[in-house]
Every structure is written in structure tokens, then in C-alpha cells.
Amino acid sequence: MSEYPRSPLMGQMMSQPLLISSIIKHADRYFGKNEIVSRRVEGDIHRYTYSDCHSRSKKLANALRGLGVQMGDRVATMAWNGYRHLEAYYAVSGSGAVLHTLNPRLFPEQIAYITNHAEDQYLIFELTFLPLIEAVAQHCKTIKGYILMCDRDRMPAQSALPNLMCYEDLIDSNSDDYEWPLFDENSASSLCYTSGTTGNPKGALYSHRSTLLHSYASTMPDALNVSGRDAVLPVVPMFHVNAWGLPYSVPLTGAKMVFPGPSLNGKSLYDLFEAEQVTFSAGVPTVWLGLLNYVAQNNLTFSSFKRTVIGGSACPPAMMKTLRHKYGIEVVHAWGMTEMSPLGTCATLQSRHLALPEEGQQAMLEKQGHVIFGVDMKIVDDAGKELPWDGKTYGNLLVKGPWVIQDYYKGEGGDVLEDGWFPTGDVATIDGDGYMQITDRSKDVIKSGGEWIGTIDLENIAMAHPAVLQAACIGVLHPKWDERPLLVVVKRPGMDVTREELLAFYEGKIAKWWTPDDVAFIDALPIGATGKVLKNRIRESFRDHVLPTA
Ligand code: ADP
Numbered sequence: 159m160s161e162y163p164r165s166p167l168m169g170q171m172m173s174q175p176l177l178i179s180s181i182i183k184h185a186d187r188y189f190g191k192n193e194i195v196s197r198r199v200e201g202d203i204h205r206y207t208y209s210d211c212h213s214r215s216k217k218l219a220n221a222l223r224g225l226g227v228q229m230g231d232r233v234a235t236m237a238w239n240g241y242r243h244l245e246a247y248y249a250v251s252g253s254g255a256v257l258h259t260l261n262p263r264l265f266p267e268q269i270a271y272i273t274n275h276a277e278d279q280y281l282i283f284e285l286t287f288l289p290l291i292e293a294v295a296q297h298c299k300t301i302k303g304y305i306l307m308c309d310r311d312r313m314p315a316q317s318a319l320p321n322l323m324c325y326e327d328l329i330d331s332n333s334d335d336y337e338w339p340l341f342d343e344n345s346a347s348s349l350c351y352t353s354g355t356t357g358n359p360k361g362a363l364y365s366h367r368s369t370l371l372h373s374y375a376s377t378m379p380d381a382l383n384v385s386g387r388d389a390v391l392p393v394v395p396m397f398h399v400n401a402w403g404l405p406y407s408v409p410l411t412g413a414k415m416v417f418p419g420p421s422l423n424g425k426s427l428y429d430l431f432e433a434e435q436v437t438f439s440a441g442v443p444t445v446w447l448g449l450l451n452y453v454a455q456n457n458l459t460f461s462s463f464k465r466t467v468i469g470g471s472a473c474p475p476a477m478m479k480t481l482r483h484k485y486g487i488e489v490v491h492a493w494g495m496t497e498m499s500p501l502g503t504c505a506t507l508q509s510r511h512l513a514l515p516e517e518g519q520q521a522m523l524e525k526q527g528h529v530i531f532g533v534d535m536k537i538v539d540d541a542g543k544e545l546p547w548d549g550k551t552y553g554n555l556l557v558k559g560p561w562v563i564q565d566y567y568k569g570e571g572g573d574v575l576e577d578g579w580f581p582t583g584d585v586a587t588i589d590g591d592g593y594m595q596i597t598d599r600s601k602d603v604i605k606s607g608g609e610w611i612g613t614i615d616l617e618n619i620a621m622a623h624p625a626v627l628q629a630a631c632i633g634v635l636h637p638k639w640d641e642r643p644l645l646v647v648v649k650r651p652g653m654d655v656t657r658e659e660l661l662a663f664y665e666g667k668i669a670k671w672w673t674p675d676d677v678a679f680i681d682a683l684p685i686g687a688t689g690k691v692l693k694n695r696i697r698e699s700f701r702d703h704v705l706p707t708a
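First residue of the sequence shown: 159, per the working numbering; consecutive thereafter.
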């Protein structure tokens with residue numbers, strides 16, 4: 159695999175492949191008594207230990223062997239965050255097969271496309287998704303059998319699915335006498351498809367090595383800072399970019415794991431945070447909206463929650479301030495993407511930033527932050543020329559590193575890299591301290607009179623208005639300027655604000671010509687399969703919007 163020259167004198171340390179199975183082995187051996195708590199689709203709370211998880215993962219690995227799953231075969235899952243899904247993470251990858259996590263929020267046609275493209279051999283899924291799977295199964299050409307993750311008494315009396323098996327039967331009928339195989343660390347371990355808002359979804363195929371390096375790096379104090387003293391509740395789903403690596407990085411540290419299952423509403427999450435004394439969590443901004451609303455409406459506080467990572471789309475500063483100042487929760491703003499396993503940058507302060515006044519610190523924390531060691535980044539203009547790190551000049555953001563994609567699965571998408579760098583499709587600035595800030599996705603930037611207007615700033619300002627729950631800014635065609643910004647707003651329940659008040663709210667906060675030309679109020683923003691606002695959908699709805707000609 160290595161394309162690099164060999165030194166005449168090679169190091170003499172043990173050559174042990176970096177394999178995913180080593181994480182669960184380690185968790186069992188050193189943190190065997192530590193707990194994994196899951197809210198189940200069945201409705202109850204399930205608890206067991208890392209040792210139990212390891213034992214059942216080995217039983218599942220034996221079961222998969224019995225079903226004829228070979229190294230490199232793809233085994234799909236469609237499941238919530240829960241203990242059985244974690245077992246599948248280790249059983250599938252640990253045995254040398256490839257875990258393909260399917261996102262149930264995709265359209266059925268996309269799900270069928272992806273399973274065929276991945277050539278999945280088996281599909282392990284949860285009860286919630288039985289109707290969806292029954293609907294798409296006839297189009298999934300390569301799947302030889304379906305494994306339903308539920309208690310035996312919940313198995314359907316009859317189903318249209320061919321070769322339907324009960325997960326618990328497979329676990330019960332197999333022994334945990336299983337030796338995790340050793341193989342090349344560059345072997346594929348798991349497969350995630352991008353959500354494919356344009357064109358067909360594309361597969362990012364991770365390796366054991368990339369996953370292990372990402373896991374090590376992401377636990378560092380200035381990244382996710384996970385330790386054995388934490389109780390971690392990943393809200394970010396295990397069906398989207400491996401829940402930002404938490405199913406690997408949490409067992410690696412021995413932290414208590416708390417899985418929310420299908421219940422992601424404010425009340426269910428709050429109850430679980432309190433009952434299990436969760437200290438650390440991670441999710442996209444839209445999830446925190448629900449939780450924060452519930453907590454505010456019921457005048458509640460958190461008794462153990464100390465830190466959260468927010469990423470996937472820009473964390474609105476107003477949300478960050480509420481979490482920090484009202485509830486005393488540290489917010490780590492993180493940026494990454496499916497093609498990066500996903501973590502690239504995190505915004506945490508360095509010693510010298512502690513001397514900054516509060517607004518200065520907040521401004522640093524609002525950025526997407528510094529790279530995690532292992533990742534390198536740069537910004538370039540359209541001709542590929544590197545741009546200065548002055549915090550003002552924005553350009554196309556490129557990255558490289560051992561957990562960054564080299565090529566899409568099956569080589570799709572043409573030449574992925576530009577001179578060895580992966581173009582992220584994001585537009586960003588980098589400041590003199592190396593802190594990156596995303597201005598926009600290149601396809602969302604508003605092009606007005608030959609200049610660019612970043613939509614994230616415009617949305618963040620609107621969301622700081624007390625009557626605004628959510629805001630999205632899009633470019634609308636304009637006869638003179640090509641495009642001008644239209645602000646689309648969802649009001650907070652029971653609160654009111656006018657177009658004029660909102661536009662006046664921008665005064666003094668932004669260059670005058672960046673101010674949106676108009677405001678539209680809607681009931682809800684369209685949210686996609688990964689919890690992000692679907693700007694292309696909003697653009698379609700407002701394609702014929704006529705801006706006022708003042
Ligand atoms: P997709 O949703 O297209 O499948 P990902 O879930 O991998 O892809 O999303 C990656 C993209 O999400 C990034 O390229 C970036 O545009 C956006 N993103 C992720 N984190 C942040 C953040 N903290 N701030 C702004 N944008 C972000």
C-alpha cells in the first residue's frame with residue numbers, strides 16, 4: 159500500500175495492525191464493568207456492560223460467519239443509536255466485513271439505490287423500519303437475508319421479507335468463542351454514503367486504520383475531550399457518519415455510553431440526560447433547538463451536562479450563548495464531513511485567548527476552529543492559488559489527512575483530489591491563529607453584483623432576534639445584481655416580528671449591501687436526512703419570489 163520510499167534503517171517496534179476489534183477487546187479487558195445504557199424501540203431502558211457488549215459482538219460475528227459473510231462483504235444496518243447497533247458495528251467490521259450504515263431518512267429509491275450500489279449481502283435493521291424495508295426489499299437485488307433487531311416476541315407473525323431472521327435468535331444460537339481475525343489495517347471497515355442533495359449518493363469507504371487514527375485524535379482534549387469520567391450521549395445518529403466516531407472513541411476511553419434510541423424529542427432526551435447523569439453529548443443544531451425549547455418552557459436546568467459538540471451545520475451564536483451562559487454548558491463547535499470520517503476542526507481556545515475579553519473569546523468559539531492534528535487545511539482561489547490567513551479573505555477550503563477520502567467507492571465522482579488535496583465544497587476564511595470559519599457552502603453563497611455574500615452570517619444575525627426560531631437565507635434572482643438575499647424565517651411560537659423590524663435588526667451588524675432585500679415567514683424549514691436545513695428545497699419554493707424594488 160505504501161507509495162513512500164523505505165529507509166535503509168527501519169524502526170524495530172511491533173507491527174500491529176490498527177483494527178476496530180481492538181477497541182472492543184480493550185473496553186472489555188480494562189473497562190468491562192462500565193455501562194452501556196440504551197432506550198429501546200421496545201420502549202424500556204436496557205443496561206449492560208462493555209463485557210456483555212463484547213460477548214454479544216462475538217456471538218454475532220460467529221452468526222455472520224455461519225451465514226457465509228466473508229471479508230470485504232458489505233453488511234448493512236438500519237438502526238437507531240442503541241446497544242444492538244453497537245454490537246453490529248464491532249461484529250461486522252471486527253470480522254473483516256464492511257459495515258454499511260443506511261440512513262432511514264433517505265427516500266426509499268435512494269435506499270434501494272445505495273444497497274444495490276454497495277452490493278449489501280445482509281441487512282440488520284430495527285423494528286421501526288420494518289414497513290420501509292418491506293417496501294424497498296423487492297428492489298434490493300443483492301440482499302440474501304434480513305435480520306430484525308428485536309426481542310423474539312416482537313417478531314412479526316408474517317412478513318413479505320425473504321429469509322427474515324431474529325437477531326436475538328442468532329445471538330442465542332451462537333457462542334462467544336471467537337478470535338477476532340488479524341488483517342491489513344488498510345482493509346475497508348465501513349461505508350457511508352453522502353446524502354446526495356445533488357446527484358446520486360456517493361460512498362465514502364473508511365478503513366480500519368483511518369477509523370482508529372480518527373478515534374485516537376478525536377478523543378484529545380482540544381477535540382471531543384472524551385474521558386473515562388464521562389457519560390456520553392450521542393444524539394448524532396449512528397446511521398450518519400458513524401455518529402462522528404463516538405461508537406469507537408467512547409469505548410476506547412471506557413466512558414459510560416448512553417443511547418437515546420428512537421426518542422429524540424426534548425422531553426425524552428432531557429429525561430435521559432438527567433436519569434443517566436450525562437456529562438457530554440454531540441449533535442446537529444436542530445436537535446438542540448428541541449431540547450432547549452423543552453428545558454426553557456418547563457423552567458428546568460441540567461444537573462450533570464457539562465459539554466457538547468455541535469456541528470454538521472453552523473452553530474447559531476445565539477444557541478451557543480444560551481448553552482454557555484444560561485446553562486453553563488461548554489460548546490465545542492466542530493466542522494467536518496462524511497468524506498472526513500468526519501472530524502476536521504474544533505473550536506477550543508488556547509491559553510493566550512483566555513486573556514481576551516468575553517466577546518473576543520465568544521468570537522473565537524463561534525468559528526469552526528483549528529484542525530485536529532492529522533488534518534491539514536488551506537484556502538485557495540478559483541485558480542488554485544493559496545490565499546492568506548487573515549481572517550478576512552475567503553476561498554475554497556481544501557483538506558488532507560489520513561482520515562480524509564482519497565476516492566469515492568467504486569471510483570465514482572471522477573478525479574476527487576486536486577493536487578493531493580480534497581476540495582470540501584465549503585468557502586472559508588482562516589485567521590492568523592489558524593482558526594477556520596465557514597462562510598458558506600460554495601453552492602449556497604449568494605452572488606450579488608460580482609461579489610459573494612455568505613449566508614451563515616445573515617442567518618446567525620436573524621437567529622439572535624428573540625422572535626426568530628429558525629432562519630435560512632437564499633439567493634433570489636435579481637435583474638440588476640444577479641442575486642440578492644431573501645431571509646426565510648420561522649417565528650418562535652407565540653412571538654411576533656415584522657419584515658421591517660427584522661431588516662432593521664441588521665443595521666450596524668453587517669455591511670449595508672449584505673442586508674437581505676426581503677423577508678418571508680414560513681411555518682417550518684425543510685429538514686433533510688441528516689438534520690440539516692434543505693436550502694435547495696427552499697430555493698425551489700421561492701424560485702419565483704419577486705423582491706421589492708426599493
Ligand atoms: P452531506 O450532508 O452533504 O451528506 P455531510 O453531512 O458530510 O454531508 O456534511 C458536510 C458539510 O456540512 C460540510 O461540508 C459543511 O458544509 C457542513 N458543515 C459541517 N459542520 C459545519 C459547521 N460546524 N459549520 C458550518 N457548516 C458545517
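Ideal Cβ placement from N, Cα and C applies to all residues, glycine included.
Cα-Cα separation, residue i to residue j
i: Y552; j: R697; result: 24 Å
i: G133; j: S600; result: No statement about residue 133 is possible, as the shown extent of the chain runs from 159 to 708 and does not include it.
i: E277; j: G361; result: 12 Å
i: N261; j: M168; result: 44 Å
i: G549; j: K536; result: 13 Å
i: Y364; j: M378; result: 21 Å
i: V195; j: F283; result: 19 Å
i: Y485; j: L349; result: 37 Å
i: D565; j: L575; result: 8 Å
i: V655; j: P637; result: 29 Å
i: H275; j: G403; result: 24 Å
i: M573; j: W446; result: Sequence inspection shows Asp at residue 573; the Met mentioned does not correspond to that position. Roughly 37 Å separates the two Cα atoms.
i: W493; j: Y351; result: 18 Å
i: F700; j: V634; result: 7 Å
i: L523; j: L501; result: 16 Å
i: N456; j: R465; result: 21 Å
i: A246; j: S173; result: 27 Å
i: P314; j: R387; result: 41 Å
i: M415; j: V436; result: 9 Å
i: N192; j: P175; result: 26 Å
i: K299; j: E570; result: 20 Å
i: W338; j: S407; result: 19 Å
Per-residue burial, residue i [other beta carbons within 10 Å of its own, 16 or more giving buried]
i: P166; result: exposed
i: F531; result: exposed
i: V691; result: buried
i: L683; result: buried
i: Y188; result: exposed
i: K667; result: exposed
i: L512; result: exposed
i: M229; result: exposed
i: K693; result: buried
i: D598; result: buried
i: S606; result: buried
Spatially closest choice to residue i from the options, by CA coordinates
i: T235; options: Y566, S606 and L257; result: L257
i: V442; options: N220, A413, M477 and F417; result: M477
i: D681; options: C350, D702, L627 and F397; result: L627
i: A270; options: L290, T286, S253 and Y664; result: L290
i: A586; options: I563, Y452, K525 and M313; result: K525
i: F774; options: W238, T707, D334 and T656; result: Shown here, the chain extends from 159 to 708; a query on residue 774 therefore has no answer.
i: M307; options: F397, E337, E200 and W338; result: E200
i: M139; options: K191, L371, K479 and Q520; result: Here the chain comprises residues numbered 159 to 708, so residue 139 is not present and cannot be evaluated.
i: V467; options: V393, S461, A185 and D335; result: V393
i: L616; options: G542, V490 and V646; result: V646
i: Y567; options: L481, A315 and T496; result: T496
i: P409; options: A662, D676 and H212; result: H212
i: G528; options: H491, D539 and I203; result: Looking at the sequence provided, one finds His at residue 528 rather than Gly. That would be H491, whose Cα lies nearest to the Cα of H528.
i: N554; options: F265, A687, I563 and G542; result: G542
i: R310; options: L481, A221, L285 and H366; result: L285
i: R263; options: V648, D334 and S353; result: S353
i: D589; options: A622, W547, G357 and S317; result: W547
Heavy atom of the ligand GTP within 7 Å of residue i beta-carbon
i: H275; result: This structure does not include the ligand GTP; its bound ligands are the ligand ADP.
Below-8 Å beta-carbon distance, residue i vs any chain C residue
i: I696; result: The question asks about chain C, but that chain is absent: this structure has only one protein chain.
Q. Between the stretch 205 to 212 and the stretch 381 to 389, do at least 3 Cβ pairs fall closer than 8 Å?
A. no
Three or more beta-carbon pairs under 8 Å between the stretch 299 to 312 and the stretch 266 to 285, yes or no?
yes
Is it true that the stretch 210 to 219 meets the stretch 314 to 331, where meeting means three or more beta-carbon pairs spaced less than 8 Å apart?
Three or more beta-carbon pairs drawn from the stretch 210 to 219 and the stretch 314 to 331 are found closer than 8 Å, and the two stretches are therefore classed as touching.
To test your reading of the DSSP string, which unbroken beta strand (DSSP E) runs of 3 or more residues are found completely within the stretch 184 to 213? 193 to 197 and 203 to 207
Q. Which whole runs of the alpha helix (DSSP H) in the stretch 258 to 296 are 4 residues long or more, in chain order?
A. Whole alpha helix (DSSP H) segments, 4+ residues: 266 to 276 and 288 to 294.
Review point. Which residue spans inside the stretch 470 to 521 form an unbroken beta strand (DSSP E) run of at least 3?
Key: 488 to 494 and 501 to 505, all fully within the stretch 470 to 521.
- Query: Can you give, in chain order, each stretch of the beta strand (DSSP E) that sits fully within the stretch 378 to 417 and has at least 3 residues?
  - Reply: 389 to 392 and 414 to 417
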